[in-house]
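Just so you know, the sequence shown maps onto residues 1 to 516 in the UniProt record's numbering.
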Amino acid sequence: MTQTNIILCGLLLYIIYAICLVIYRLFFHPLARFPGPKKAAITKWFEAYHDLIKSPGGQYMHEINRMHDKYGPIVRINPDEIHIRDSMYVNTLYCNPVGGKRDKYPPAAHMTGTPEGIFGTVSHEVHRKRRSAIGPLFSKSAVTAVESKIQQKVRTLCDTLCSHIAHHGWAELRLNFLAYATDNVCEHSFTNLRLDLLTSNRRARQWRDSIHAIAILTPWIKQFTWVLPLALKLPLSPLYALVPVIARVVKLRREMDKHALEAVRALAESPKESRATKTQNLFDSILTSTTVAPSDKHPLRIAQDGFVIIVAAGETTARMLTTATFHILENKKTVLPRLMQELGTVMPIPGTAAELAKLEKLPWLTAIVKESLRLTGLVTSRLPLVSPDQPLTYREWLIPPGTPVSMTLRDVLLDPTIFDEPCLFRPERWLDPTSEMEHAYTAFGRGSRMCVGMNFALAELYLCLAYLFRNLDLELYETTRERDIDIVRDCFVGEVSPSSVGVRVTLAKSNRAGSL
Numbered sequence: 001m002t003q004t005n006i007i008l009c010g011l012l013l014y015i016i017y018a019i020c021l022v023i024y025r026l027f028f029h030p031l032a033r034f035p036g037p038k039k040a041a042i043t044k045w046f047e048a049y050h051d052l053i054k055s056p057g058g059q060y061m062h063e064i065n066r067m068h069d070k071y072g073p074i075v076r077i078n079p080d081e082i083h084i085r086d087s088m089y090v091n092t093l094y095c096n097p098v099g100g101k102r103d104k105y106p107p108a109a110h111m112t113g114t115p116e117g118i119f120g121t122v123s124h125e126v127h128r129k130r131r132s133a134i135g136p137l138f139s140k141s142a143v144t145a146v147e148s149k150i151q152q153k154v155r156t157l158c159d160t161l162c163s164h165i166a167h168h169g170w171a172e173l174r175l176n177f178l179a180y181a182t183d184n185v186c187e188h189s190f191t192n193l194r195l196d197l198l199t200s201n202r203r204a205r206q207w208r209d210s211i212h213a214i215a216i217l218t219p220w221i222k223q224f225t226w227v228l229p230l231a232l233k234l235p236l237s238p239l240y241a242l243v244p245v246i247a248r249v250v251k252l253r254r255e256m257d258k259h260a261l262e263a264v265r266a267l268a269e270s271p272k273e274s275r276a277t278k279t280q281n282l283f284d285s286i287l288t289s290t291t292v293a294p295s296d297k298h299p300l301r302i303a304q305d306g307f308v309i310i311v312a313a314g315e316t317t318a319r320m321l322t323t324a325t326f327h328i329l330e331n332k333k334t335v336l337p338r339l340m341q342e343l344g345t346v347m348p349i350p351g352t353a354a355e356l357a358k359l360e361k362l363p364w365l366t367a368i369v370k371e372s373l374r375l376t377g378l379v380t381s382r383l384p385l386v387s388p389d390q391p392l393t394y395r396e397w398l399i400p401p402g403t404p405v406s407m408t409l410r411d412v413l414l415d416p417t418i419f420d421e422p423c424l425f426r427p428e429r430w431l432d433p434t435s436e437m438e439h440a441y442t443a444f445g446r447g448s449r450m451c452v453g454m455n456f457a458l459a460e461l462y463l464c465l466a467y468l469f470r471n472l473d474l475e476l477y478e479t480t481r482e483r484d485i486d487i488v489r490d491c492f493v494g495e496v497s498p499s500s501v502g503v504r505v506t507l508a509k510s511n512r513a514g515s516l
């Protein structure tokens, strides 16, 4: 047989295989009877086209909503996955451990390149144990203990904003909020790791560019899950030459490996009686946990938890603060006076800080925080989970065990059947919320896999917004909602238009508090 004949035979076999696969997926697949477009049922390249080719990228989230508009609340969005758009189903799918067992869908779990970290853990049981080791570090009491450190970072943030405005006439919020949130989580979670972004504009911009690069690459990473794990294994020198923004993230990942190894060694060498009184950091919390298996305490695994926490905690908090500040300033005549009056009751003297516990009791500030988190709707990516051994039921549909089923929490937060005019910033809706609104408030997720750092993030939001607006009279600078705030593409977290120059602010003619 000639080489040409071999190639032709191979091509023929591939065509036969492809035809058989199409027939199977359309007529014999366990999900064949579920509604949805045939193109999505046949191939995942339909999703890839919308996420990778259709401008500006990350557009499959919009296509999924168009599917729901046409086919109803339950749709087959690719050959293997079901998506549900029904806010009342969120507690069923994203349930707590009592409500059922939910494994993470492996392709979604492994896209961060941390398959053994808390985010990448597939197994329900293993995730529960790993999460329980980290949870105490971000408990309410643990956050209260570091409140003064967060307040100091807020002061530094305000000084940095004033410095940028003095030099350039404006300051970019997302850049500086990212520095603030990243420095906070580094100091809280690690003993010897400091990025010190707030005190270096160069480092802050480099880190911002790296985080932004990861976000823009996320649609590709989601389709080709081997990309990021491969990048993490490449030598740093060629990475710096080719893609320096990614190289800096890879460098941090490897530094995290070293810090984890040092933590393991330090704990092994410390007297057992001193461990109970030792100040806990992330690695110590895991290493001293009685719920985590010994095999889960090796340095390379716990380093994955550290890496995800730094990357995720900084960006999400920064985006929430950016959105909140924008909407407060955009509604300066209606929202801000009421906020200033309320802040004056607990911060009568500008330049002083209020305790977190007092701020959390302020109804208007709390309403602003909740509405900002709702309207941010930050996680635009669907979050597929698997019921490994029990079928899931949605209305008349019986979903087979082992099927990845997802919802998009942004859809829940912007559900027009629950929130009147859902895209408008209306904090007053939270002064007397309905039970449906509270049910749909999924800003930090829901169930056993909801955000472990919620208490820490909320503390950062309350302390920052209160001090910032009590002490600086800001106004927006050449910023528009359509370009700089509204989410147009899915990069796991939603991204704004590529033409955005960032949410920028300047000082009003008279700074309310004078110099800080």
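From the three backbone atoms N, C-alpha and C, an ideal C-beta is built for every residue, glycine too.
No experiment lies behind these values; they were computed from the predicted model shown.
- Closest in C-alpha terms to residue 427, from the list 339, 6 and 34, comes 339.
- For residue 83, the enclosing beta strand (DSSP E) starts and ends at 81-84.
- In the DSSP assignment, residue 467 falls within the alpha helix (DSSP H) that extends over 454-471.
- Check the Cα spacing between residue 409 and each of 141, 490 and 169: the tightest is with 490.
- The C-alpha of residue 22 lies about 6 Å from the C-alpha of residue 42.
- Residue 93 and residue 60 have their C-alpha atoms some 21 Å from each other.
- For residue 158, no beta strand (DSSP E) segment is defined; the enclosing uninterrupted segment is the alpha helix (DSSP H) at 147-168.
- With respect to residue 150, residue 472 sits apart: the two C-beta atoms are not nearer than 8 Å.
- The Cβ atoms of residue 306 and residue 259 lie closer than 8 Å to each other.
- Looking at the DSSP output, residue 103 sits in a beta bridge with 386.
- For the pair of segments examined, the stretch 437-448 was found not to touch the stretch 287-303: the number of CB pairs separated by less than 8 Å stays below three.
- DSSP places residue 125 outside any beta strand (DSSP E); the residue lies instead in the alpha helix (DSSP H), whose first and last residues are 124-134.
- Check the Cα spacing between residue 81 and each of 385, 476, 443 and 440: the tightest is with 385.
- Taking all protein chains in view, the Cβ of residue 371 is crowded by 16 or more other Cβ atoms within 10 Å, so the residue is classified as buried.
- With contacts defined by Cβ atoms closer than 8 Å, residue 181 and residue 460 form a contacting pair.
- If the five residues before and after residue 347 are omitted, its C-beta is found closer than 6 Å to the C-beta atoms of 354 and 470, all from its own chain and listed in chain order.
- Boundaries cannot be given for residue 289, as no beta strand (DSSP E) includes it and DSSP labels it neither H nor E.
- Measuring C-alpha to C-alpha distances from residue 35 to each of 62, 72, 467 and 29 identifies 72 as the nearest.
- Following the DSSP letters along the chain, one finds residue 10 in no beta strand (DSSP E) but inside the alpha helix (DSSP H) bounded by residues 3-23.
- In the DSSP assignment, residue 404 falls within the unbroken beta strand (DSSP E) covering 404-406.
- The Cβ atoms of residue 324 and residue 465 sit closer than 8 Å to each other.
- Annotation for residue 297: 287 place their beta carbon closer than 6 Å to its own, counting only its chain and skipping 5 residues before and after.
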